[in-house]
Each structure stands twice: as structure tokens, then as C-alpha cells.
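Below is one structure; the comments refer to it alone.
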Ligand code: IDP
Ligand code: MG
């Protein structure tokens with residue numbers, strides 16, 4: 150089934166100059182990019198994005214990390230993409246790898262490039278939506294409908 154999924158290159162991915170590597174790796178999924186932009190992440194957006202983790206002890210550090218507060222002014226941003234295609238959510242999750250970068254398969258993006266900081270933050274380079282419900286909610290949080298291209302015949 151054709152699906153849309155949200156991919157975010159997090160501040161550590163930007164600081165490590167991984168944008169090109171990540172997009173190349175994601176191209177293995179044979180999906181199309183239907184939305185893309187650079188975003189300075191407000192506290193409100195970060196908290197909404199990670200609302201399911203608000204009671205975790207690492208929440209405050211996660212919000213700091215996600216907003217680029219650990220990576221210097223030049224990296225206080227995220228690059229957001231919407232990918233579309235057959236089984237997009239699972240295909241991208243597979244290439245992204247497991248949440249814990251130490252446990253992620255080393256051939257995945259997180260396994261290859263992620264780390265756990267000495268403070269215990271999982272700096273895992275990218276976000277990818279987990280399931281159709283999350284994907285729909287997250288895409289609506291990050292993109293206006295008119296920022297996503299549709300096939301000419303869908304119009
Ligand atoms: P996901 O990103 O693989 O979907 P979630 O459980 O939704 O995983 O967690 C969101 C983000 O929060 C992770 O990508 C990671 O950066 C961070 N995180 C999740 N679990 C932990 C943890 O146990 N310790 C530190 N950071 C975590
Ligand atoms: Mg998640």
C-alpha cells in the first residue's frame with residue numbers, strides 16, 4: 150500500500166555532515182520525496198513530537214538534543230522530509246535501524262552513525278515514523294498540506 154512517512158535529520162546528523170549519506174542510504178527504499186524543509190524546532194513542536202515520552206526521565210535532555218541545544222548554534226535545526234511509496238513506513242524504519250544506536254544493526258543509519266552520550270542521550274541521527282497513525286499525526290505537525298506535492302492526477 151502507498152504510504153507517507155516523516156523522516157527528520159536530527160542535529161547530530163547535521164553536525165556530522167551526514168545529510169548526503171542519509172539520503173543516499175534512504176534511496177535504497179525506492180520511495181519518492183514529496184516534502185522537504187529546514188526547521189528551527191520550538192520547544193512546543195519538540196514536546197508535541199515526543200509527547201509519548203513526556204514522563205520519561207530522559208525527556209528534558211531529549212528535547213534539548215532534538216532542538217540542537219547540544220550541537221552549537223549552526224545546528225539548531227532539523228531537516229524534515231516526507232517520503233511516499235509502497236510500504237514506506239517499514240522500509241524507512243528498517244534502513245534507520247533500532248532506537249538504541251548501540252543495539253542497531255551496524256549497516257543501518259543509526260547503527261553506523263549513532264551514539265549514546267555520557268549523559269545517556271541516544272543521539273541516533275534520524276527520526277522515522279513508526280506506524281500509520283504516528284506518520285499521519287507527525288506529518289500534520291511538521292508540514293502544511295500545501296507543502297506536500299501530490300500527483301497531477303490526484304488534483
Ligand atoms: P524511535 O525514535 O525509534 O521511534 P522512540 O521510543 O519514539 O524511538 O524515542 C524517541 C527518541 O527518544 C529516540 O529516537 C531517542 O533519540 C530517544 N530515546 C528513546 N529511548 C531512549 C532511552 O532509553 N534513553 C535515551 N534516549 C532515548
Ligand atoms: Mg518513535
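In my numbering, the protein residues as written are 150 to 304.
Where is the CB? At the ideal position from N, CA and C, for every residue including glycine.
Paired residues, beta bridge with residue 275 - DSSP: Here residue 275 refers to the residue found at position 126 when the chain shown is read from its first residue. Partner residues in the beta bridge of residue 275, as assigned by DSSP, are 158.
Residue(s) in a DSSP beta bridge with residue 233: Within the chain shown, residue 233 is the residue found at index 84, counting from 1. Answer by DSSP bridge pairing, in chain order: 153 and 181.
Whole-Å CB distance - residue 178 paired with residue 230, under 8 Å assumed: Residue 178 sits at position 29 when you count from the first residue of the chain shown. Residue 230 sits at position 81 when you count from the first residue of the chain shown. No, residue 178 and residue 230 are not in contact; Cβ-Cβ is about 12 Å, not under 8 Å.
Contact test: residue 199 Cβ vs ligand 1 heavy atom, cutoff 7 Å: One-based indexing of the chain shown puts residue 199 at position 50. Of the heavy atoms belonging to ligand 1, at least one sits nearer than 7 Å to the Cβ of residue 199.
CB contact flag (residue 202, residue 194, <8 Å): Here residue 202 refers to the residue found at position 53 when the chain shown is read from its first residue. Here residue 194 refers to the residue found at position 45 when the chain shown is read from its first residue. If you check the CB distance, residue 202 and residue 194 do not come in under 8 Å.
Heavy atom of ligand 1 within 7 Å of residue 211 beta-carbon: For the purposes of this step, residue 211 is taken as the residue at position 62 of the chain shown. True, at least one ligand heavy atom lies under 7 Å from that Cβ.
Ligand 2 heavy atom lying under 7 Å from the CB of residue 176: Counting from 1 along the chain shown, the entry for residue 176 is found at position 27. Checking the Cβ of residue 176 against ligand 2 gives no.
Whether residue 265 touches residue 155 by CB criterion (8 Å): Locating residue 265 in the chain shown gives position 116, where the first residue counts as 1. Locating residue 155 in the chain shown gives position 6, where the first residue counts as 1. In this structure, residue 155 does not lie closer than 8 Å to residue 265 by Cβ.
Straight-line Cα distance separating residue 192 from residue 244: For this step, residue 244 is matched to residue 95 along the chain shown. For this step, residue 192 is matched to residue 43 along the chain shown. Between residue 244 and residue 192, the C-alpha separation is close to 28 Å.
Endpoints, alpha helix (DSSP H) assigned at residue 247: Here residue 247 refers to the residue found at position 98 when the chain shown is read from its first residue. Element bounds for residue 247: n/a, residue is neither H nor E.
Per-residue DSSP class, three states only, for residue 297: Within the chain shown, residue 297 is the residue found at index 148, counting from 1. Looking at residue 297 - three-state DSSP - the assignment turns out to be coil, as it is neither helix nor strand.
Cβ-heavy atom distance, residue 202 to ligand 1, below 7 Å: Walking along the chain shown from the start, residue 202 turns up at place 53. True, at least one ligand heavy atom lies under 7 Å from that Cβ.
Selected residue, minimal CA-CA separation from residue 166, among 262, 214, 297 and 292: For this step, residue 166 is matched to residue 17 along the chain shown. For residue 166, the nearest C-alpha among the options comes from 262.
Residue 166: CB within 7 Å of a non-hydrogen atom of ligand 2: Translated into positions along the chain shown, residue 166 becomes position 17. Residue side-chain check: residue 166 keeps its Cβ at 7 Å or more from all non-hydrogen atoms of ligand 2.
Beta-ladder partner(s) of residue 190, from DSSP: Mapped onto the chain shown, residue 190 falls at position 41. Beta-bridge pairing links residue 190 to no other residue.
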